[in-house]
Amino acid sequence: MGLVSGALQHGKNALLSYQSALQVIGNNVSNAGVDGYTRQSPVLASRAGVPLPEGLMPGGGVALTALQRHIDEALETRLRNAIGQEQRSLAESEALVRVEALYNELTDEDLSSMLGAFFNTFADVQGNPLDVPTRGIVISTGQALASQMRRMRTELLDMHDQVNKDLVGVIRHANQLAGEVAGLNIEVVRAEASGQGAASSLRDQRDRVLRQLAELMDIQTAETPEGAVNIYIGNEPLVQYGQSRGLTASQEQVGDRTVVAVRFTDNNGTVRINGGQIAGLVSARDNHMHGQIKALDSLAANLIRQVNLLHSQGQGLDGLTDVTGAFAVSDPAAALNSEAAGLSFPPANGTFKIAVTDQTTGETVEYVVPVSLTGLGADSSLDDVVSYINANVGNLTASVTSENRLRLQADGNWSFTFSEDSSGVLAGLGMNAFFTGDSAANIGVDADLAAAPQRLAAALTRAPGDGGNAGRLAGLATAPLADLNNMSILDQWHSVVGQLAVASAAARHSGEASHNVSQSLQAQREAISGVNMDEEAVNLMRYQRSFQAAARYITLVDQLVDEMLAMVR
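Its first residue numbered 480, the sequence shown is counted upward by one per residue in this note's numbering.
Written out as structure tokens, the structure is:
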């Protein structure tokens, strides 16, 4: 009877094992459409059995000994890295597309067109310098140009701030995902320690969370012998077993702007991220948004300085009688080119001329005002310039206003004009200026000039019909400037736009290349871990036939038992 019971045990083991194997295959089939599901295979092995009367030992049947989870951890790591790189490129590309849309180049309303139109209006004044309405067009075009620059800078700043807001949300999501991994680590270790198998569904869930986290930042993982996954960012641990250090979005001041930085919650340590959406957003904010703001500010500053350098030395239809500089110094006793003076456009060593004219007789007296900024002795301050003018220039009074600006006032029926400024002090102090401000944030047309277009300095001399200075101003559009490495103002802007186009194309191509890599790796993962319905159908048939054979085997043994019992009776 021992042999009979052993035979029945063989059949029972086979029925249970193949029934379980069919359940595993059924689970694969039912999860075929689940993203990230990892295919499992039943591992069947022979059981040890009792010897036959002949002394042979064929075995004790079959048993389901394990579940094999089809996964390549090295491939999973490569896939996560590729996904992170793709998300970084995508974030940068989207930011650059927004900037390109803001600039809207190659249209009639872009900044390049407005710059060209602005300089062209000076050419119109050169051809008709006595026409006040034509001068008014120069001023209105300048105001429109300044307004466009301010608007563009405001929108770039809004984009910068929006990226900060996006970062806050992404960092919170990353912190949540890190906490989920820590929680799943505990569940996986507990499940596998209690003999519940490989906890495949929990591992699948954890792998999906890890891929989501890899979309946000570059991570490295290391699995412990107990089944937990530790996460590292660079050399810093983020998750260890069931504990996450946490990530927080920190508002920090960098220069004159506020940025959101990623820090560890437990010790406020810096988190250095080089991949994923977070790195893409940081790069978009710091390299592109902030970079474009700096480029626009540089363009505006160069436009202000170069136009003012020429305009301050020119003459309008009427002489000047009372002029206050547009730019103040921080300390009127400090050298004009020093940081203590605080001028955005510091002057250099040189001179400038003031011509004082009796408006009744037409008599003109010309004076040369020195500006000593050699650094070898007592350099000129605003106070020094005021003292020199008061001591040496007749019929003209110089003073420092309460706001530390230079003010010049002609006596009685006298007027004055400027010329031949080799020091740049007139433009630096904003005397007879066209533009005010020092960047795209505050560029504007001088209010006094806007109120009196006849003051537009189109002439180089007092000769009627002189439009020489307007011609020089018109030439700024294409004139190579030493301050701009022999580029013109238009060339400078075209260079900014060109570099933006190159960066945008590079980010787009990087994203496409990363997408292709991630798709290829995903296909490799599917080949290893995905469910192939044809293979599962074959396995279903194989285990079904095995189950049927085991059932027939038990039926046959049962018949043999009945025959043996009949013989006994």
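Glycine residues also receive a C-beta, built at the ideal position from the N, C-alpha and C atoms.
No experiment lies behind these values; they were computed from the predicted model shown.
Residue from the options with nearest C-alpha to residue i
| i | options | result |
| --- | --- | --- |
| Gly706 | Leu689, Ala678 and Arg724 | Ala678 |
| Ala527 | Ala542, Gly515 and Pro521 | Ala542 |
| Ser881 | Ser809, Ala920, His790 and Val864 | Ser809 |
| Gly748 | Ser974, Ala740 and Lys644 | Ala740 |
| Ala919 | Arg784, Ala931, Asp945 and Thr836 | Arg784 |
| Asn787 | Pro825, Gly754 and Ala1030 | Pro825 |
| Gly755 | Ser989, His994, Ala570 and Ser902 | Ala570 |
| Val976 | Ser496, Ala553, Leu575 and Ala958 | Leu575 |
| Ala596 | Gly916, Leu624, Asn753 and Glu579 | Leu624 |
Simplified DSSP state of residue i, which is helix, strand or coil
| i | result |
| --- | --- |
| Ser499 | helix |
| Val541 | strand |
| Ile710 | strand |
| Gly829 | strand |
| Gln547 | strand |
| Tyr516 | coil |
| Arg736 | strand |
| Met966 | strand |
| Phe824 | coil |
| Arg742 | strand |
| Ser729 | strand |
| Phe895 | strand |
Inter-residue Cα distance where the pair is residue i and residue j
| i | j | result |
| --- | --- | --- |
| Arg557 | Ile698 | 11 Å |
| Arg751 | Val668 | 30 Å |
| Pro704 | Leu656 | 22 Å |
| Asp589 | Ala953 | 19 Å |
| Phe743 | Ser999 | 34 Å |
| His790 | Arg886 | 17 Å |
| Leu855 | Thr600 | 43 Å |
| Ala1028 | Leu1035 | 10 Å |
| Asn871 | Asn911 | 21 Å |
| Phe806 | Asn883 | 9 Å |
| Gly1009 | Ser626 | 58 Å |
| Gln1023 | Glu1042 | 29 Å |
| Val761 | Leu646 | 8 Å |
| Ser1025 | Ala493 | 8 Å |
| Tyr1032 | Glu1005 | 39 Å |
| Asp640 | Gln730 | 11 Å |
| Asn714 | Val981 | 33 Å |
| Val865 | Leu799 | 17 Å |
| Val660 | Thr586 | 51 Å |
| Met1012 | Arg687 | 22 Å |
| Gly490 | Asp1037 | 11 Å |
| Ala958 | Asp945 | 21 Å |
| Tyr497 | Val1017 | 14 Å |
Cβ pair residue i, residue j closer than 8 Å
| i | j | result |
| --- | --- | --- |
| Ile712 | Ala929 | no |
| Phe895 | Ala834 | yes |
| Ser878 | Ala812 | no |
| Val708 | Arg724 | no |
| Met768 | Val642 | yes |
| Arg682 | Ile562 | no |
| Arg736 | Met638 | no |
| Asp797 | Gln933 | yes |
| Leu969 | Leu581 | no |
| Gln519 | Asn507 | yes |
| Gly770 | Ser568 | no |
| Leu852 | Ala827 | yes |
| Asn869 | Trp893 | no |
| Leu782 | Phe598 | no |
| Glu899 | Gln792 | yes |
| Leu546 | Val513 | no |
| Gly909 | Leu815 | no |
Residues that residue i bridges to, as DSSP identifies them
| i | result |
| --- | --- |
| Ala938 | Gln794 |
| Thr915 | Gly923 |
| Tyr846 | Ile833 |
| Asp801 | Gln888 |
| Glu715 | Ile712 |
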